[in-house]
Amino acid sequence: MTDTELKIFLDEKVELYNNPDFIESDPIQIPHAFSIKEDIEIAGFLSAIIAWGNRKMIINNSKKMMELMGNSPYDFIMTHQEYQLERLENFVHRTFNGQDFISFIKAIQNIYSNHNGLEAVFLKNQKENSMQHSIHEFKKIFFEVEHLQRTQKHISDPLNNSAAKRINMFLRWMVRQDKKGVDFGIWKTISPSALSCPLDVHSGNVARKLGLLNRKQNDAKALAELDLQLRKLDPNDPVKYDFALFGLGVFEGFSSD
(Lines of atoms letter the chains of each structure in order from A and count residues from 1; the text may use other names and numbers.)
(Lines give C-alpha, C1' and ligand atoms only; values in the text may rest on other atoms or scores of the structure.)
Protein backbone atom coordinates (compact mmCIF):
# COMPACT_ATOMS: atom_id res chain seq x y z
CA MET A 1 0.00 0.00 0.00
CA THR A 2 1.31 3.47 -0.82
CA ASP A 3 1.14 6.23 1.82
CA THR A 4 -1.83 7.74 -0.03
CA GLU A 5 -3.66 4.41 -0.20
CA LEU A 6 -2.98 3.76 3.47
CA LYS A 7 -4.41 7.16 4.44
CA ILE A 8 -7.55 6.57 2.33
CA PHE A 9 -7.98 3.08 3.83
CA LEU A 10 -7.59 4.31 7.41
CA ASP A 11 -9.77 7.40 6.88
CA GLU A 12 -12.56 5.09 5.66
CA LYS A 13 -12.19 2.95 8.81
CA VAL A 14 -12.29 6.05 11.03
CA GLU A 15 -15.54 7.03 9.32
CA LEU A 16 -16.92 3.51 9.86
CA TYR A 17 -16.21 3.30 13.60
CA ASN A 18 -16.25 6.92 14.81
CA ASN A 19 -20.01 7.20 15.31
CA PRO A 20 -22.50 6.80 18.19
CA ASP A 21 -22.93 3.06 17.49
CA PHE A 22 -19.38 2.65 18.83
CA ILE A 23 -20.45 3.83 22.29
CA GLU A 24 -22.65 0.88 23.27
CA SER A 25 -19.75 -1.61 23.27
CA ASP A 26 -17.11 0.71 24.71
CA PRO A 27 -16.29 2.04 28.22
CA ILE A 28 -16.83 5.57 26.86
CA GLN A 29 -20.52 4.87 27.48
CA ILE A 30 -19.91 5.50 31.22
CA PRO A 31 -19.11 9.23 30.96
CA HIS A 32 -21.82 9.52 28.28
CA ALA A 33 -24.37 8.91 31.05
CA PHE A 34 -23.54 12.35 32.53
CA SER A 35 -24.01 15.97 31.47
CA ILE A 36 -22.03 18.03 34.03
CA LYS A 37 -18.40 18.62 32.94
CA GLU A 38 -16.86 17.41 36.21
CA ASP A 39 -19.04 14.28 36.25
CA ILE A 40 -18.00 13.46 32.67
CA GLU A 41 -14.31 13.98 33.53
CA ILE A 42 -14.38 11.86 36.68
CA ALA A 43 -16.56 9.09 35.21
CA GLY A 44 -14.28 9.03 32.17
CA PHE A 45 -11.11 8.99 34.22
CA LEU A 46 -12.18 6.18 36.55
CA SER A 47 -13.59 4.08 33.68
CA ALA A 48 -10.39 4.53 31.67
CA ILE A 49 -8.22 3.58 34.65
CA ILE A 50 -9.87 0.14 34.95
CA ALA A 51 -10.07 -0.36 31.16
CA TRP A 52 -8.05 -3.52 30.82
CA GLY A 53 -9.30 -7.06 30.42
CA ASN A 54 -12.74 -8.17 29.28
CA ARG A 55 -14.68 -5.20 27.90
CA LYS A 56 -18.01 -6.34 29.30
CA MET A 57 -16.46 -6.65 32.75
CA ILE A 58 -14.83 -3.20 32.40
CA ILE A 59 -18.21 -1.63 31.59
CA ASN A 60 -20.05 -3.48 34.39
CA ASN A 61 -17.43 -2.59 37.00
CA SER A 62 -17.31 1.04 35.81
CA LYS A 63 -21.09 1.23 36.28
CA LYS A 64 -20.65 -0.28 39.73
CA MET A 65 -18.12 2.45 40.60
CA MET A 66 -20.64 5.11 39.59
CA GLU A 67 -23.40 3.43 41.66
CA LEU A 68 -21.13 3.33 44.72
CA MET A 69 -20.80 7.13 44.34
CA GLY A 70 -24.58 7.58 44.05
CA ASN A 71 -24.26 8.21 40.29
CA SER A 72 -23.02 11.73 41.16
CA PRO A 73 -19.25 11.26 41.06
CA TYR A 74 -18.19 14.91 41.42
CA ASP A 75 -20.63 15.59 44.26
CA PHE A 76 -19.61 12.40 46.06
CA ILE A 77 -15.90 13.12 45.72
CA MET A 78 -16.20 16.69 46.97
CA THR A 79 -18.74 16.23 49.78
CA HIS A 80 -18.49 12.61 51.05
CA GLN A 81 -18.02 11.83 54.73
CA GLU A 82 -15.28 9.40 55.74
CA TYR A 83 -17.81 6.69 56.73
CA GLN A 84 -19.27 6.73 53.20
CA LEU A 85 -15.98 5.44 51.82
CA GLU A 86 -16.54 2.14 53.66
CA ARG A 87 -18.99 1.03 50.97
CA LEU A 88 -16.16 1.17 48.43
CA GLU A 89 -13.96 -1.28 50.33
CA ASN A 90 -15.32 -4.40 48.63
CA PHE A 91 -14.95 -3.08 45.09
CA VAL A 92 -12.58 -5.06 42.89
CA HIS A 93 -11.60 -5.04 39.22
CA ARG A 94 -8.64 -7.28 38.46
CA THR A 95 -5.84 -5.84 40.61
CA PHE A 96 -7.67 -2.55 41.31
CA ASN A 97 -9.33 -2.98 44.71
CA GLY A 98 -11.39 -1.02 47.21
CA GLN A 99 -8.36 0.54 48.90
CA ASP A 100 -7.13 1.75 45.51
CA PHE A 101 -10.59 3.17 44.78
CA ILE A 102 -10.62 5.08 48.09
CA SER A 103 -7.12 6.48 47.40
CA PHE A 104 -8.31 7.59 43.95
CA ILE A 105 -11.32 9.39 45.49
CA LYS A 106 -9.00 11.32 47.81
CA ALA A 107 -6.53 12.08 45.03
CA ILE A 108 -9.25 13.39 42.70
CA GLN A 109 -10.70 15.50 45.52
CA ASN A 110 -7.25 17.05 46.04
CA ILE A 111 -6.97 17.80 42.31
CA TYR A 112 -10.32 19.65 42.23
CA SER A 113 -9.78 21.37 45.61
CA ASN A 114 -6.16 22.46 45.17
CA HIS A 115 -5.23 22.21 41.47
CA ASN A 116 -8.32 23.57 39.61
CA GLY A 117 -9.40 20.16 38.31
CA LEU A 118 -8.17 17.46 35.95
CA GLU A 119 -8.02 19.61 32.82
CA ALA A 120 -5.84 22.24 34.51
CA VAL A 121 -3.38 19.62 35.76
CA PHE A 122 -2.92 18.03 32.33
CA LEU A 123 -2.62 21.44 30.64
CA LYS A 124 -0.09 22.80 33.12
CA ASN A 125 2.79 20.52 32.14
CA GLN A 126 2.11 20.02 28.45
CA LYS A 127 5.29 20.22 26.39
CA GLU A 128 5.50 20.93 22.67
CA ASN A 129 3.43 18.48 20.66
CA SER A 130 3.03 15.76 23.29
CA MET A 131 1.12 14.93 26.46
CA GLN A 132 3.65 12.38 27.72
CA HIS A 133 5.60 14.71 30.04
CA SER A 134 2.25 16.04 31.24
CA ILE A 135 1.11 12.51 32.18
CA HIS A 136 4.38 12.01 34.11
CA GLU A 137 3.79 15.22 36.09
CA PHE A 138 0.10 14.36 36.56
CA LYS A 139 1.09 11.15 38.33
CA LYS A 140 3.21 13.11 40.83
CA ILE A 141 0.36 15.50 41.64
CA PHE A 142 -2.16 12.65 41.79
CA PHE A 143 -0.20 10.88 44.50
CA GLU A 144 0.42 13.94 46.68
CA VAL A 145 -2.22 12.56 49.05
CA GLU A 146 -1.62 9.69 51.44
CA HIS A 147 -1.92 6.38 49.59
CA LEU A 148 -0.71 2.79 49.60
CA GLN A 149 2.43 2.22 47.55
CA ARG A 150 0.63 -0.49 45.54
CA THR A 151 -1.92 2.04 44.26
CA GLN A 152 0.74 3.88 42.21
CA LYS A 153 0.84 1.08 39.62
CA HIS A 154 -2.64 2.08 38.42
CA ILE A 155 -1.35 5.33 36.90
CA SER A 156 1.22 4.68 34.18
CA ASP A 157 4.29 6.84 33.64
CA PRO A 158 5.47 7.41 30.05
CA LEU A 159 8.90 8.53 31.32
CA ASN A 160 9.19 5.06 32.84
CA ASN A 161 8.71 3.64 29.30
CA SER A 162 4.99 2.92 29.62
CA ALA A 163 2.68 3.46 26.65
CA ALA A 164 0.15 4.79 29.23
CA LYS A 165 -2.70 3.42 27.11
CA ARG A 166 -5.50 4.16 29.56
CA ILE A 167 -4.53 7.79 30.27
CA ASN A 168 -4.03 8.45 26.56
CA MET A 169 -7.49 6.99 25.92
CA PHE A 170 -8.99 9.24 28.60
CA LEU A 171 -7.29 12.28 27.04
CA ARG A 172 -8.70 11.32 23.63
CA TRP A 173 -12.19 11.22 25.12
CA MET A 174 -11.85 14.66 26.77
CA VAL A 175 -9.92 16.57 24.08
CA ARG A 176 -10.96 15.38 20.60
CA GLN A 177 -13.83 17.47 19.22
CA ASP A 178 -15.16 16.38 15.85
CA LYS A 179 -18.93 16.47 16.51
CA LYS A 180 -19.28 12.77 15.67
CA GLY A 181 -20.87 12.06 19.05
CA VAL A 182 -18.24 9.71 20.52
CA ASP A 183 -15.41 11.82 21.99
CA PHE A 184 -16.51 14.74 24.18
CA GLY A 185 -14.16 17.59 23.26
CA ILE A 186 -14.97 19.36 26.54
CA TRP A 187 -11.32 20.26 27.20
CA LYS A 188 -10.77 23.26 24.95
CA THR A 189 -7.35 24.24 26.35
CA ILE A 190 -5.46 21.20 24.99
CA SER A 191 -4.99 20.69 21.26
CA PRO A 192 -5.94 17.33 19.68
CA SER A 193 -2.63 17.56 17.79
CA ALA A 194 -0.78 16.83 21.07
CA LEU A 195 -2.60 13.56 21.76
CA SER A 196 -1.13 10.07 21.48
CA CYS A 197 -2.87 6.89 20.39
CA PRO A 198 -3.99 4.51 23.16
CA LEU A 199 -1.56 1.73 22.24
CA ASP A 200 -2.60 -1.78 23.23
CA VAL A 201 -2.30 -5.31 21.87
CA HIS A 202 -5.01 -4.75 19.21
CA SER A 203 -3.92 -1.35 17.91
CA GLY A 204 -0.26 -2.41 18.14
CA ASN A 205 -0.75 -5.55 16.05
CA VAL A 206 -2.78 -3.71 13.41
CA ALA A 207 -0.21 -0.88 13.26
CA ARG A 208 2.58 -3.43 12.71
CA LYS A 209 0.67 -5.20 9.96
CA LEU A 210 0.09 -1.86 8.21
CA GLY A 211 3.76 -0.89 8.51
CA LEU A 212 3.08 1.99 10.94
CA LEU A 213 5.08 0.36 13.72
CA ASN A 214 8.20 -1.79 13.80
CA ARG A 215 8.95 -2.07 17.51
CA LYS A 216 7.72 -5.34 19.04
CA GLN A 217 6.86 -4.15 22.56
CA ASN A 218 3.88 -1.86 23.23
CA ASP A 219 5.85 0.65 25.28
CA ALA A 220 6.67 4.38 25.25
CA LYS A 221 9.23 3.94 22.47
CA ALA A 222 6.65 2.18 20.29
CA LEU A 223 4.15 4.94 21.05
CA ALA A 224 6.63 7.61 19.93
CA GLU A 225 7.17 5.67 16.69
CA LEU A 226 3.42 5.32 16.08
CA ASP A 227 2.83 8.99 16.97
CA LEU A 228 5.30 10.02 14.28
CA GLN A 229 3.48 7.99 11.61
CA LEU A 230 -0.04 9.08 12.63
CA ARG A 231 1.03 12.74 12.69
CA LYS A 232 2.12 12.36 9.06
CA LEU A 233 -1.38 11.10 8.18
CA ASP A 234 -3.12 13.94 10.06
CA PRO A 235 -1.00 16.40 12.08
CA ASN A 236 -4.06 18.16 13.52
CA ASP A 237 -5.96 15.08 14.70
CA PRO A 238 -3.60 12.06 14.70
CA VAL A 239 -5.55 10.12 17.32
CA LYS A 240 -8.69 9.80 15.20
CA TYR A 241 -6.85 6.77 13.78
CA ASP A 242 -7.36 5.01 17.10
CA PHE A 243 -10.86 4.24 15.80
CA ALA A 244 -9.40 2.62 12.68
CA LEU A 245 -6.69 0.61 14.45
CA PHE A 246 -8.98 -0.50 17.26
CA GLY A 247 -11.89 -1.31 14.95
CA LEU A 248 -9.70 -3.29 12.57
CA GLY A 249 -8.21 -5.26 15.47
CA VAL A 250 -11.25 -5.88 17.66
CA PHE A 251 -14.14 -5.97 15.19
CA GLU A 252 -12.44 -7.21 12.02
CA GLY A 253 -9.71 -9.46 13.42
CA PHE A 254 -7.18 -7.68 11.22
CA SER A 255 -3.87 -8.29 12.99
CA SER A 256 -0.47 -9.82 12.60
CA ASP A 257 -1.60 -13.30 13.67
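The opening position of the sequence shown corresponds to residue 468 in my numbering, with each subsequent residue numbered one higher.
Glycine residues also receive a C-beta, built at the ideal position from the N, C-alpha and C atoms.
1. Which residues in the same chain have their Cβ closer than 8 Å to the Cβ of Phe681, if we skip the five residues on either side of it in sequence?
2. Between the C-alpha atoms of Ala711 and Arg617, what's the straight-line distance to the nearest angstrom?
3. Once the 5 residues before and after Ala574 are set aside, which same chain residues still bring their CB inside 8 Å of it?
4. Do Leu666 and Leu690 have their CB atoms nearer than 7 Å?
5. Secondary structure at Ser629, three-state DSSP: helix, strand or coil?
6. With H, G and I counted as helix, E and B as strand and the rest as coil, what does DSSP make of Ser663?
7. Below 7 Å between beta carbons: does that hold for Gly565 and Asn557?
8. Could you check what DSSP says for Phe637 in three-state terms: helix, strand or coil?
9. Which of the three DSSP states, helix, strand or coil, is assigned to His560?
10. Taking the straight line between their C-alpha atoms, what separation do you get for Val481 and Ile490?
11. For Asp701 and Tyr708, I'd like the C-alpha separation in whole angstroms.
12. Buried or exposed: Phe713, going by 16 or more other Cβ atoms within 10 Å of its Cβ?
13. Once DSSP output is grouped into helix, strand and coil, what is the label at Lys646?
14. Should the stretch 643-659 be regarded as contacting the stretch 588-596, the criterion being three or more beta carbon pairs within less than 8 Å?
15. Ser722 and Asn685: beta carbons closer than 7 Å?
16. Mind checking whether Ile634 and Lys504 have CB atoms under 7 Å apart?
17. Starting from the C-beta of Ile572, find all residues in its chain whose C-beta is less than 6 Å away, skip the five residues before and the five after it, and write them out in chain order.
18. Whose CA, out of Ser492, Tyr541 and Ile569, lies closest to the CA of Gly584?
19. Is the beta carbon of His560 closer than 7 Å to that of Ile517?
20. By the 10 Å Cβ neighbour count, where 16 or more other Cβ atoms means buried, how is Phe476 classified, buried or exposed?
21. One question on the structure: do Ala661 and Met598 come within less than 7 Å of each other, judged by their Cβ atoms?
Let me lay it out:
1. The residue asked about is misnamed: residue 681 is Asn in this sequence, not Phe. Correct list, in chain order: Arg675 and Glu692.
2. Each residue's alpha carbon lies about 35 Å from the other.
3. Around Ala574, the same chain offers Phe609, Phe610, Glu611, Val612 and His614 as residues with beta carbons nearer than 8 Å, after the five sequence neighbours per side are excluded.
4. In contact: Leu666 and Leu690 (Cβ atoms closer than 7 Å).
5. Correct three-state label for Ser629: strand.
6. Note: Ser663 maps to coil in three-state DSSP.
7. Yes, these two residues count as a Cβ contact at 7 Å.
8. In the three-state DSSP reduction, Phe637 falls in the helix class (H, G or I).
9. In the structure shown, His560 sits in a strand (DSSP, three-state: E or B).
10. As the crow flies, the alpha-carbon of Val481 is around 14 Å from that of Ile490.
11. Whole-angstrom Cα-Cα distance: 9 Å.
12. Looking at its Cβ environment, which holds 16 or more other Cβ atoms inside 10 Å, Phe713 is buried.
13. Reduced to three states, the DSSP call for Lys646 is coil.
14. Between the stretch 643-659 and the stretch 588-596, the count of C-beta pairs closer than 8 Å reaches three or more; the two stretches touch.
15. No, these two residues do not count as a Cβ contact at 7 Å.
16. Against a cut-off of 7 Å, the Cβ pair of Lys504 and Ile634 comes out as no contact.
17. Only Ile544 meet the Cβ criterion.
18. The option with the nearest alpha carbon to Gly584 is Tyr541.
19. Yes, the Cβ-Cβ distance between Ile517 and His560 is below 7 Å.
20. Per the 10 Å Cβ criterion, exposed.
21. It is a contact, given that the beta carbons lie within the stated cut-off.
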